[in-house]
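Enquirer:
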Ligand SMILES: C[S@@+](CC[C@H](N)C(=O)[O-])C[C@H]1O[C@@H](n2cnc3c(N)ncnc32)[C@H](O)[C@@H]1O
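Residue numbers (this note's numbering): 19 to 318.
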């Protein structure tokens, strides 16, 4: 596996140039220049989850924190760090059969490290597959945690607005509402005349995007945990300025990089499995051929 170039500027330039490099994120992240990245966006391996990584939940935080420290240094003052992660049921140890708290432990440690915990998003999957999960319903959501370098991250709500649910007549009626602000018995109220002032709606922090079950199949193989494009697209548009830099340290089949580039950001990633690097590179090459920005593909 090739090592990252020793000088920091070249490591970043190589990532942006190659799209996805074959390597260990732990090594590459240490070589990025300070305050150079607008958005780190990732779906790391979940605890125990897949053949490609078996990190026990009890050791997950210890495994993850060194990556987070390097990313904190490499993020610029208005930059963000977004991690999609999922809880799991412990399959051994004293918590066997219960939900393991590693996700919450990780969040608390990241905050202690100095990351600003800005928001928790819930990604719901309208097409979650039913199965047998003991005393549980099917798993139909995952977390997406938004951390930032400081209190004022770049945030473009207008880039992710969605159509209003109300019909045109209701919107017109509300705009003309002569009563304006309505005080309630509790002593507060809202200016309802401005509800529809933006032309489209705030999507909220629960985002519904169908899971991609037909995995990306390229000539070089396939990846088993491909993220839906809409998820990457939402956060790239929300948290990275046009022309800014997006890095995915656990690139897999390259979804975030493809989407970031499609939306005019500079992007690169790292992937430890050579086969997936091939998949991602093929996908990036295909994406270059069909580049055209699309409508945001989330349904609220
Ligand atoms: C959940 S998958 C990412 C999927 C990706 N978002 C996509 O859409 O294809 C996590 C990836 O992290 C990779 N990985 C695990 N440890 C790594 C490390 N230390 N450095 C780089 N990649 C790593 C795994 O091989 C796996 O492909």
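Ideal placement from N, C-alpha and C gives every residue a C-beta, glycine not left out.
(1) Helix, strand or coil for residue 27 per DSSP?
(2) Residue 252 lies in the alpha helix (DSSP H); which residues open and close that run?
(3) What's the call for residue 215, buried or exposed, on a 16-neighbour Cβ count within 10 Å?
(4) In chain order, which continuous runs of the beta strand (DSSP E) of length 3 or greater are located wholly inside the region 262-291?
(5) For residue 162, write down the residues that DSSP places opposite it in a beta bridge.
(6) Here's the rule I'm using: 16 or more other beta-carbon atoms within 10 Å means buried, otherwise exposed. How should residue 237 be labelled?
(7) Can you tell me the Cα-Cα spacing of residue 37 and residue 186, whole angstroms?
(8) What three-state label does DSSP hand residue 35 in the structure shown?
(9) Over the uninterrupted beta strand (DSSP E) stretch that includes residue 131, give me the two end residues.
(10) Near residue 88, what residues of its chain come up, given a Cβ to Cβ distance below 6 Å and the 5 sequence neighbours on each side ignored?
(11) Does chain C have any CB closer than 8 Å to the CB of residue 114?
(12) Just the Cα atoms here: how many angstroms apart are residue 96 and residue 173?
(13) Is the beta carbon of residue 102 less than 8 Å from the beta carbon of residue 61?
(14) Tell me which residues share the same chain as residue 159 and place their Cβ nearer than 7 Å to its Cβ, disregarding the 5 neighbours each side in the sequence.
(15) Under the three-state reduction of DSSP, which class applies to residue 19: helix, strand or coil?
(16) Which of the three DSSP states, helix, strand or coil, is assigned to residue 189?
(17) Are the Cβ atoms of residue 265 and residue 124 separated by less than 8 Å?
(18) By how many angstroms is the C-alpha of residue 252 removed from the C-alpha of residue 230?
(19) Please report the distance separating the alpha-carbon of residue 171 from that of residue 136.
(20) Measure from the alpha carbon of residue 138 to the alpha carbon of each residue in 114, 163, 130, then state which is nearest.
(21) Does the distance between the C-beta of residue 99 and the nearest non-hydrogen atom of ligand 1 fall short of 7 Å?
(22) Is the number of C-beta pairs between the region 255-269 and the region 277-297 that are closer than 8 Å three or more?
Expert: This is what the structure gives:
(1) helix
(2) 247-257
(3) exposed
(4) As far as the region 262-291 is concerned, its whole beta strand (DSSP E) runs of at least 3 residues are 263-266, 284-289.
(5) 102, 139
(6) The pLDDT assigned to residue 237 is 46, lower than 50, so where the model puts this residue is not dependable; a value taken from the coordinates is nonetheless given after this. Exposed is the call here.
(7) 44 Å
(8) In the structure shown, residue 35 adopts helical secondary structure according to DSSP, grouped into three states.
(9) No beta strand (DSSP E) contains residue 131, which is instead part of the alpha helix (DSSP H) from 120-131.
(10) Cβ within range, chain order: 47, 48.
(11) The question asks about chain C, but that chain is absent: this structure has only one protein chain.
(12) Going by the C-alpha atoms only, they are around 9 Å apart.
(13) yes
(14) 140, 141, 142, 143
(15) coil
(16) Three-state DSSP puts residue 189 in a helix.
(17) no
(18) 16 Å
(19) 9 Å
(20) When only C-alpha atoms are compared, the closest one is 163.
(21) no
(22) yes
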